[in-house]
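Step one of this worksheet: look at the structure below.
Number of protein chains: 2
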Amino acid sequence: MASLFLPALGRMAVCGGTHGNELSGVYLVQEMERQRKEKGDGVWPIPVTTVLSNPRAVEECRRYIDTDMNRCFSTATLSSPMTDSSPYEVQHAQELNNLLGLKGSADAIDMICDLHNTTSNMGLTLIHYSTSDWVTMHICKYLQTKITKVPVRVLVMDVPISDAYSLESVSKHGFSIEVGPQPHGVVRADIYLIMKEAVDMTIDWIHKFNSGTVFEGGDMEAFKFIKSIDYPRDPETRTLTAAIHPQLQDRDFCLLKRGDPLFLSFSGETVTYEEEGSLHPFFINECAYYEKGIAFHLAKKLTLTIPTVQVKKD
Amino acid sequence: MASLFLPALGRMAVCGGTHGNELSGVYLVQEMERQRKEKGDGVWPIPVTTVLSNPRAVEECRRYIDTDMNRCFSTATLSSPMTDSSPYEVQHAQELNNLLGLKGSADAIDMICDLHNTTSNMGLTLIHYSTSDWVTMHICKYLQTKITKVPVRVLVMDVPISDAYSLESVSKHGFSIEVGPQPHGVVRADIYLIMKEAVDMTIDWIHKFNSGTVFEGGDMEAFKFIKSIDYPRDPETRTLTAAIHPQLQDRDFCLLKRGDPLFLSFSGETVTYEEEGSLHPFFINECAYYEKGIAFHLAKKLTLTIPTVQVKKD
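Chain order of the listed sequences is A and B. Read in UniProt numbering, the first sequence has 58 at position 58, and its numbers run on one by one without any break. Read in UniProt numbering, the second sequence has 155 at position 155, and its numbers run on one by one without any break.
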């Protein structure tokens, strides 16, 4: 197969603590900073910028201070005028855009790998915005061959990049990594080690790519976000009347068919899936999504044909 | 074996939301209140008072507003003078003591069952303060025969009742129920159902006891709190340098022997258990204990001989 020639990836950032209580990323970024201090800038085979994205939220071990920072990186929010009453996260998002962007410009950093945890049983999921970012797809494919302890999947949000609101959208080929299940405010060694392996292997892929390695294309599975489903709620008080059904809990990316159980009410009744099309639920029972009115998202499975890629020589 | 005759248990309270982000108890108390509204006061075979213990923390889905309420029920704190600047939880603890106590008095409620969740893999654990509260021991024994999905254990804190600081210490035979693992801020149906079964079976036991059923004694296993162990920390910044070791994570109540792994540092080194005596760790990697400087507690296993009990007739 003919190769697609792509530019080398010059600058990469690894970001943790965009949500201050998702601790694997916080401790991994701090460990990388310790390693750089101990071994010097040559500790990785490519230049890596490390960023603790929301330091005040990390300090307080909260998701955010004023507003969810990972919704602050749309072009509109990044260019909104600042006042003293602007939310802390909006102010800090603009500072990160100055450090790593400017978003959408030729100067934007090549790659942001933004580290997240979820209470959902998502294994290792790479999330990004386009069905045709071959760099991200190849990195996912590479991680699938290297990481065997949990499933590795790619999820595409399919939002125009100017509307894309999360930190990695500032870079040319960014993605976020979700690793779970891990309670927020807790660090589990097993989840930390999976995240560390994913970051190490991403750096490894970029180094190999920049050094001229040819990465073969082929067919690849991806999931595309379709829509969100809320919990059943009391119509007056808006309080939850049901939890995720035990048969659905922890089964992220399973295939939902008509009649499958979705929720179990606190009084014991089962609510079933009644839509026509079969879809794949993910972010099932994610802690941070209760306040957003999301019990889980639904995705459609796609098969993408990705090209063979290698670096463009000057 | 000769029976010990004990007074009937006239009043019982089921409390949830003492920690506002431990959601099984919150939803279970709300469901019990809904059932009472639907079916009337005779819904249970004994009188049950239901209490949402920390309503402001529940509203904000936080552990507490000003201070951990489950440390506010010592005799000293309950009798401390109130001012406008007293912590919300201390004020509200005094109100609950008026409703359910007074602690230590003849008027105190017979039983408080206080509902908690933990991120630790504790199964169902009954926690209370004395190695000779035969009512609690018999309820635990009864739950052990009825609940088969998770281990049921009893843990004794062995603190004098006036120093005992948690809500259930207000009652004559109180205990708290810890069910886990469940992330704080999340409700899992499987954990909710275990908690519901435990409360239903406790009510069932009290009804049978009050009705004259004889409960046979015998030998019983219990765990007694010995001491707490903190995470390894950077001596200057006090930040964690290690997580619970994967071989210890989720193994609450296992037997720790010299040389067993305790922690895995973020740079990859293992820290082992080096004490002489073999003990049992519990509350391993509990989210809320990071700020308290506790990675896990250690307990000693006891075998208690409990007497046969039956109700004292007037």
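Glycine included, C-beta positions come from ideal geometry on N, C-alpha and C. The structure displayed is predicted, hence computed values, not measured ones.
Contact check, residue i vs residue j, beta carbons under 7 Å
i, j, result
"A:I226", "A:A164", "no"
"B:I229", "B:A288", "no"
"A:H126", "A:K103", "The sequence given here places Leu at residue 126 of chain A; His does not occur at that position. Contact flag unset, no."
"B:L6", "B:G16", "no"
"A:I109", "A:R11", "yes"
"B:V135", "B:H173", "yes"
"B:K224", "B:V152", "no"
"A:H184", "A:P45", "no"
"A:T270", "A:G259", "no"
"A:S132", "A:N70", "no"
"B:S169", "B:F73", "yes"
"B:D219", "B:T83", "no"
"B:E178", "B:M122", "yes"
"B:L52", "B:V309", "no"
"B:P246", "A:D250", "no"
"A:R36", "A:V43", "yes"
Residues near residue i by beta carbon distance below 6 Å, same chain, minus five either side
i, result
"B:H19", "R63"
"B:E286", "T118, T119, S120"
"A:V159", "Y129"
"B:H116", "E22, S176, E178"
Contact with chain A by residue i, beta-carbon distance below 7 Å
i, result
"B:N21", "no"
"B:L256", "no"
"B:G185", "yes"
"B:Y231", "no"
"residue 326 of chain B", "Residue 326 of chain B cannot be examined here, being either before or after the span of chain B that is shown, 1 to 314."
"residue 322 of chain B", "The question about residue 322 of chain B has no answer, for chain B in this structure spans 1 to 314."
"B:F266", "yes"
"B:P45", "no"
"B:C140", "no"
"B:P246", "yes"
"B:A57", "no"
"B:Y192", "yes"
"B:Y27", "yes"
Residue i, enclosing alpha helix (DSSP H) - first and last residue
i, result
"B:I206", "189–210"
"B:R34", "23–39"
"B:E286", "B:E286 -> no alpha helix (DSSP H), and no H or E assigned at all."
"A:F94", "It should be pointed out that residue 94 of chain A corresponds to Gln in this sequence rather than to Phe. Unbroken alpha helix (DSSP H) run through A:Q94: 88–100."
"B:I139", "134–146"
"B:V58", "55–60"
Residue i burial status per 10 Å Cβ neighbour count (16 or more: buried)
i, result
"A:D68", "buried"
"B:K141", "buried"
"A:G212", "exposed"
"A:A76", "exposed"
"A:A57", "buried"
"A:L262", "buried"
"A:G101", "buried"
"B:D107", "exposed"
"A:T237", "exposed"
"B:L99", "exposed"
"B:S267", "exposed"
Neighbourhood of residue i by C-beta distance below 8 Å, restricted to the same chain and skipping five residues each side
i, result
"A:I147", "L124, I194, E197, A198, M201"
"B:N21", "A57, C61, R62, R63, H184, G185"
Host beta strand (DSSP E) of residue i (start-end)
i, result
"B:E221", "218–229"
"B:V14", "12–16"
"B:S267", "It is not in any beta strand (DSSP E) - B:S267 carries neither H nor E in the DSSP assignment."
"A:H280", "280–282"
"A:V214", "Here A:V214 belongs to no beta strand (DSSP E), and DSSP marks it neither H nor E."
"B:A242", "242–244"
"A:V154", "152–156"
"A:A299", "296–306"
"A:L255", "Neither: A:L255 is in no beta strand (DSSP E) and is coded neither H nor E."
"A:L78", "Where A:L78 is concerned, there is no enclosing beta strand (DSSP E), although the alpha helix (DSSP H) it sits in stretches over 75–78."
CB contact check: residue i to chain B, cutoff 7 Å
i, result
"A:D110", "no"
"A:A189", "yes"
"A:T119", "yes"
"A:N54", "no"
"A:N285", "yes"
"A:E178", "no"
"A:E269", "no"
"residue 355 of chain A", "With chain A covering only 1 through 314, there is no way to say anything about residue 355 of chain A."
"A:A198", "no"
"A:E31", "yes"
Sequence-distant residues of the same chain with beta carbon closer than 7 Å to residue i, five excluded per side
i, result
"A:V187", "L23, S24, Y27"
"A:L255", "S278, H280"
"B:D66", "P87, Y88, E89"
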